[in-house]
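If you read the sequence shown in UniProt numbering, its first letter stands for residue 159, the second for the next number, and so on. For every residue, glycine included, the Cβ atom is placed at its ideal position computed from N, Cα and C.
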Amino acid sequence: INSFLATAMVCGCIYVIRLEFTRQKGMVRELQQAMRNDELELFLQPQINNAGDIIGAEALLRWKHPQRGYVAPNVFIPLAEESGLMPLVGGWVLKDACRTLASWADDPVLSRLTLAVNVSASQFAVSDFQQSVLDTVAFYGIEPSRLKLELTESVIIADMEPVIAKMNALRAAGIRFALDDFGTGYSSLSYLRRLPLYQLKIDRSFVNDSTENQHAAGLVRNIIQMGRDLGLVVLAEGVETTAQHALLLDSGCHEFQGFHFGRPVPRETFEAAVQAAAVHAQAGIPQSARS
Ligand code: C2E
Ligand code: MG
Ligand code: MG
Ligand code: MG
Numbered sequence: 159i160n161s162f163l164a165t166a167m168v169c170g171c172i173y174v175i176r177l178e179f180t181r182q183k184g185m186v187r188e189l190q191q192a193m194r195n196d197e198l199e200l201f202l203q204p205q206i207n208n209a210g211d212i213i214g215a216e217a218l219l220r221w222k223h224p225q226r227g228y229v230a231p232n233v234f235i236p237l238a239e240e241s242g243l244m245p246l247v248g249g250w251v252l253k254d255a256c257r258t259l260a261s262w263a264d265d266p267v268l269s270r271l272t273l274a275v276n277v278s279a280s281q282f283a284v285s286d287f288q289q290s291v292l293d294t295v296a297f298y299g300i301e302p303s304r305l306k307l308e309l310t311e312s313v314i315i316a317d318m319e320p321v322i323a324k325m326n327a328l329r330a331a332g333i334r335f336a337l338d339d340f341g342t343g344y345s346s347l348s349y350l351r352r353l354p355l356y357q358l359k360i361d362r363s364f365v366n367d368s369t370e371n372q373h374a375a376g377l378v379r380n381i382i383q384m385g386r387d388l389g390l391v392v393l394a395e396g397v398e399t400t401a402q403h404a405l406l407l408d409s410g411c412h413e414f415q416g417f418h419f420g421r422p423v424p425r426e427t428f429e430a431a432v433q434a435a436a437v438h439a440q441a442g443i444p445q446s447a448r449s
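Below is the structure:
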């Protein structure tokens with residue numbers, strides 16, 4: 159009976175794995191189609207400075223699936239990674255972001271904004287990554303300093319020297335780098351000093367805990383101070399409450415992002431919100447009265 163059960167369990171597992179495999183293969187094919195059919199879309203989430211002004215946005219990928227509706231990146235990016243599609247998807251994201259920046263170039267308000275794009279480790283590792291970024295920036299004729307590239311610590315676990323060389327080439331062209339989800343990876347403080355970074359993005363788990371207890375508050379304050387000591391612009395991710403914002407401001411945090419200020423929204427919605435805020439500012443309505 160035991161061996162019967164064992165066999166049944168193994169068969170069951172294999173069945174589930176095969177089902178999962180077919181399902182994923184189907185999804186990979188769908189993702190390839192999605193890129194051809196224009197089903198990918200970049201949502202924009204505002205980034206705010208310590209004066210309360212919107213200074214830019216982070217571009218966050220969505221898959222507008224004809225049957226499933228909007229699919230979140232946490233679902234399909236791992237699939238794209240496994241199937242080797244990520245450099246292709248990442249290339250689409252970069253192009254679309256540069257196209258958006260180009261469309262903002264002649265607008266007195268929108269032209270002042272920056273756009274941050276997430277770059278996955280596998281995309282960054284492709285040998286012609288830096289050239290493809292430079293080519294895209296040149297093709298759309300955008301100001302390189304408007305583009306920010308967000309890398310996670312996973313990019314840096316690999317051999318440091320080629321990573322630094324690639325970053326330096328892009329940095330020399332005026333493109334800026336942010337280290338995303340800071341504090342969740344295998345951080346070594348020595349690499350932080352060696353990378354040509356502009357910004358440190360504190361992971362939202364620290365922000366979330368910061369108003370829970372004194373220890374968590376102290377931790378977030380120290381991370382901010384460390385970023386400042388390294389000469390970096392510090393941004394807090396996942397700010398959801400007034401209390402979190404107040405604590406972060408008091409701790410010397412430079413920039414903020416989170417549902418408290420705005421969720422990721424379609425490009426047109428974001429642009430309309432920025433224009434409305436600019437009209438308010440011109441009318442001399444204080445930030446605290448803006449909605
Ligand atoms: P991320 O780069 O750290 O982006 C921030 C994530 O936190 C976004 O999730 C955003 O919607 C969410 N978020 C923002 N504010 C808040 C808040 O106040 N509370 C909470 N609970 N969440 C907040 P999203 O859009 O689902 O993206 C998840 C992750 O997927 C991103 O994390 C990034 O790692 C990856 N991703 C998204 N778009 C791209 C892309 O174009 N390329 C690559 N390689 N990765 C992407
Ligand atoms: Mg990011
Ligand atoms: Mg992040
Ligand atoms: Mg993340």
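Taking a contact to mean a Cβ-Cβ separation below 7 Å, would you say residue i touches residue j in this structure?
i           : j      : result
ILE300      : ALA260 : yes
SER241      : VAL186 : yes
residue 506 : PHE414 : An answer regarding residue 506 cannot be provided, because it is not within the stretch 159 to 449 covered by the chain.
PRO427      : GLN402 : Per the sequence presented here, residue 427 reads as Thr, with Pro not at that position. Going by C-beta atoms, THR427 is not nearer than 7 Å to GLN402.
LEU353      : ILE333 : no
SER312      : ALA279 : yes
ASP339      : ASP361 : yes
LEU307      : PHE335 : yes
GLN357      : LEU390 : yes
VAL397      : HIS418 : yes
Would you list the one or two residues that DSSP bridges to residue i?
i      : result
THR272 : GLY214
ILE206 : ILE212, PHE414
GLY227 : HIS223
VAL186 : VAL186 pairs with nothing; no bridge assigned.
LYS359 : LEU393
PRO320 : Its beta-bridge partners do not exist; DSSP assigns none.
ARG329 : ARG329 is not bridged to any residue.
Taking the alpha-carbon positions, what's the residue i to residue j distance?
i           : j      : result
GLU395      : ASP293 : 30 Å
GLY341      : LEU219 : 23 Å
VAL392      : LYS253 : 27 Å
PRO204      : TRP250 : 21 Å
ALA217      : ARG425 : 9 Å
LEU405      : THR399 : 10 Å
ALA164      : LYS183 : 28 Å
ALA434      : LEU200 : 21 Å
ARG257      : ASN371 : 44 Å
ILE382      : GLY343 : 17 Å
ALA374      : PRO224 : 43 Å
THR272      : LYS359 : 15 Å
residue 136 : ALA255 : The question about residue 136 has no answer here: the residues shown for the chain are numbered 159 through 449.
ARG448      : LEU237 : Low local confidence applies: a pLDDT of 48 at ARG448 is under 50, so the model's placement there is unreliable, with the coordinate-based value given in what follows. In a straight line, the C-alpha of ARG448 is about 41 Å away from that of LEU237.
ALA283      : MET244 : 11 Å
MET193      : ALA436 : 34 Å
ASP317      : MET384 : 24 Å
ALA215      : PRO422 : 9 Å
LEU198      : VAL247 : 9 Å
So what does DSSP say about residue i, is it helix, strand or coil?
i      : result
PHE340 : strand
GLY376 : helix
PHE419 : coil
ILE314 : coil
ARG448 : Residue confidence is low: ARG448 scores 48 on pLDDT, short of 50, so the model does not pin down where it sits. No coordinate-derived value is stated.
PRO245 : helix
PRO354 : coil
GLU199 : strand
GLU370 : coil
LEU305 : strand
Measuring only from the beta carbon, is residue i closer than 6 Å to any heavy atom that is part of ligand 3?
i      : result
ASP339 : yes
GLU398 : no
GLU413 : no
GLU426 : no
GLU216 : no
Consider the C-beta atom of residue i and the heavy atoms of ligand 2; say whether any pair is separated by less than 6 Å.
i      : result
ASN276 : yes
GLU311 : no
GLU308 : yes
Does the beta carbon of residue i fall short of 6 Å from some heavy atom of ligand 1?
i      : result
PHE417 : yes
GLU370 : no
ALA279 : no
LEU393 : no
VAL251 : yes
ALA230 : yes
Run the proximity test for residue i: is its beta-carbon closer than 6 Å to any non-hydrogen atom belonging to ligand 5?
i      : result
PRO302 : With respect to ligand 5, the structure offers nothing, as its ligand set consists of ligand 1, ligand 2, ligand 3 and ligand 4.
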